[in-house]
Amino acid sequence: MIRILSSQQIKALDAYTIQHEPIASIDLMERACRAFVNWFTERFDGRNTIAIVCGTGNNGGDGLGIARMLQEWSYSVKVFVIRGSSETEDFKVNLERLRGKVEVVEITSLDETIFSEYDVLIDAIFGSGLTRPPEGLFAQAIHLMNKSVAVRIAVDIPSGLLADKVSKGEIFKADFTVTFQMPKLAFLFPSNHSFTGTWCTVDIGLNKSFIKEQQTSYYYIAAKDIRKILKPRSKFDHKGTYGHALLMAGSYGKMGAALLSGRAVLRAGVGLLTMHVPECGYVILQSSIPEAMASIDEHIHFITAIPELDKYTVVGTGPGLGQDKLTVKAFRKLLEDFRKPVVLDADALNILSDNRELLLLIPAGSILTPHPKEFERLVGKWSDDFERLDKQKSLAKQLKSVVVLKGANTSIASPEGAVYFNSTGNPGMATGGTGDVLTGILTGLLAQGYSSLDTAIAGVYLHGLSGDIAARERSMVSLIASDIIEFLPAAFKKIMHEQKV
Ligand SMILES: NC(=O)C1=CN([C@@H]2O[C@H](COP(=O)(O)OP(=O)(O)OC[C@H]3O[C@@H](n4cnc5c(N)ncnc54)[C@H](O)[C@@H]3O)[C@@H](O)[C@H]2O)[C@@H](O)CC1
Ligand SMILES: [K+]
């Protein structure tokens, strides 16, 4: 897991690295500049004219160091400096080192065209030291940079964006953000995507053991975390080893959701799958998923009862369920009778929102997978993404369950208060049925004996990875939910194969 630290912790981490490596502060800055420049030179050639806009803190110091290195690589660079109330030592040293090499213009007033002639604008005004909204010249410069047609790149953090609090005022809108060592919490929220653009981390060698010791509730999931979770199969395993899942899904006109979910349960590796569907789904189910056993409700159009539950390891429900009164009754009975974890999605969540007393019946260790609208129905409106995150954490704690909030960087909140952000997936997946596939994957993994949290982390990651492979093969535009099931084996292989290497 990549640990996400607060600005305060990052400051302490910088100081600890300087003292214990040991390394001079200016040399650590040099390392950060080098890491940025390596990223930059791989993507932009010398034909680009570059303006670097610097503040007078260490982010500005980075900007000056980057200017010197790019000039050494024969790029055409010009530096603009906006003075704040003080200059850091490393800023001063790097300004001195730049003397006679790169033109430095001090900004005292701004005219509209100041940045118009550049191909690339590099923002080094504020980084993690930002404490309040930019004003005056700072705000004006950010505003003008945002109006420019140049490619905009932020050093560490887009200026104006607070790493771990709600940001207000003018914020640099980067096409790319190259951030040092680890992502910042604010990068993972949908509302900040227009500021960070595509972001990546570069390793600047900050002290690893110090990072490990820091208290944090926030983590970014990496491939090797999934590799650690997934259990290799052994020669003597049999289908009983991998659980028996019951999927209650589908209604007249929405059998597709049930099928997508069911196929995904199977592809996630379950031992046995039974699907409880309304009578209208019988032929559809038997002819399209021969691997699944059918349990048929007595109602033609929707589910009104639950089957005998004893033999099932896990129950997944919600996709295509509908919200008929009789279905609500059956759902209530499920929650009353089944005391093992359940996976709840779609209409199961909508039923919960409309019948809040049912929330108390959810077995501990369950997994809920709302998309933002379903989540809003469950917990009410939020004013910003930080409040939304708090609500997600509270719900997970209250239900003693894992709450998976779907979207770009899907967040997974554990009942203990930790939040894991997913690193796979793409906008091609924003299409009907992908949520049903996720429900299936989670149901299939949970049935195999993974903990609820491991199931959610691995399931969400694999779902996104499969979506990424599908987008590569089929394009984001053409990606449909079935593709995610189709490429799930490739996603498993990618994770499991790398395990051996
Ligand atoms: N040695 C280190 O600590 C390293 C720091 N690095 C860089 O240093 C950055 C952090 O540097 P700093 O802590 O100097 O802070 P910044 O350079 O982010 O900000 C400069 C100063 O501006 C002031 N300020 C805050 N908000 C303001 C506002 N709205 N208007 C005017 N002034 C404002 C603050 O006093 C702050 O210290 C990182 O983001 C990173 O780019 C990197 O060079 C890596 C190593
Ligand atoms: K910046």
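Each residue of the sequence shown is one higher than the one before, starting from 1 at the first, in UniProt numbering.
No residue lacks a Cβ here, since even glycine has one placed at the ideal position from N, Cα and C.
Check                                                                                                                                                                      : Outcome
Looking only at its chain, what residues have a beta carbon closer than 8 Å to the beta carbon of M29, apart from the 5 residues adjacent to it on each side?              : N58, G61, D62, G65, D90, N94
Return the chain-ordered list of same chain residues with a C-beta closer than 6 Å to the C-beta of residue 523, the five sequence neighbours on each side being excluded. : The question about residue 523 has no answer, for the chain in this structure spans 1 to 501.
For E21, is the beta carbon positioned less than 7 Å from some heavy atom of ligand 1?                                                                                     : no
Could you name the residues that DSSP lists as bridge partners for S86?                                                                                                    : According to DSSP, which records beta bridges pairwise, S86 is partnered with nothing at all.
Just to confirm the assignment: which complete beta strand (DSSP E) runs, minimum length 3, are found wholly within the stretch 292-354?                                   : 293-296, 314-317, 342-344
Is the distance from the Cβ of T439 to the Cβ of G318 below 8 Å?                                                                                                           : yes
Compare the beta carbon distance of L162 and L130 with 8 Å and say whether it is the shorter of the two.                                                                   : yes
What residue range is occupied by the uninterrupted alpha helix (DSSP H) comprising F210?                                                                                  : 208-213
Could you check whether L273 and G256 sit closer than 8 Å to each other, using their CB atoms as the reference points?                                                     : no
Looking only at its own chain, which residues have a Cβ that is under 6 Å from the Cβ of D225, when we skip the five neighbours before and after it?                       : M1
Does any CB atom of chain D fall closer than 8 Å to the CB of H193?                                                                                                        : Reference to chain D is not applicable here, since this structure consists of a single protein chain.
Got a sec: does ligand 1 put a non-hydrogen atom nearer than 7 Å to the Cβ of N59?                                                                                         : yes
Spatial neighbours of Q9 within its chain, please: C-beta separation below 8 Å, excluding the five flanking residues on both sides.                                        : Q214, T216
For the alpha helix (DSSP H) that A141 lies in, which residues bound it at each end?                                                                                       : 136-147
In three-state DSSP terms, what is A490?                                                                                                                                   : helix
Should A413 be labelled buried (16 or more other beta-carbon atoms within 10 Å of its own) or exposed?                                                                     : buried
Excluding the 5 residues preceding and the 5 following S194 in the sequence, name in chain order all residues of the same chain whose CB lies nearer than 7 Å to its CB.   : K173
Say the cut is 7 Å; is the CB of T198 nearer than that to a heavy atom of ligand 1?                                                                                        : no
Quick one: Cα of R332 to Cα of D354, how far?                                                                                                                              : 12 Å
Going by C-alpha to C-alpha distance, which of G464, Q19, I26 sits closest to K494?                                                                                        : G464
Determine whether the beta carbon atoms of I153 and D175 lie at a separation below 8 Å.                                                                                    : yes
Using DSSP with H/G/I as helix, E/B as strand and the rest coil, what is K373?                                                                                             : helix
Measuring from the CB of A32, is there a heavy atom of ligand 2 at a distance below 7 Å?                                                                                   : no
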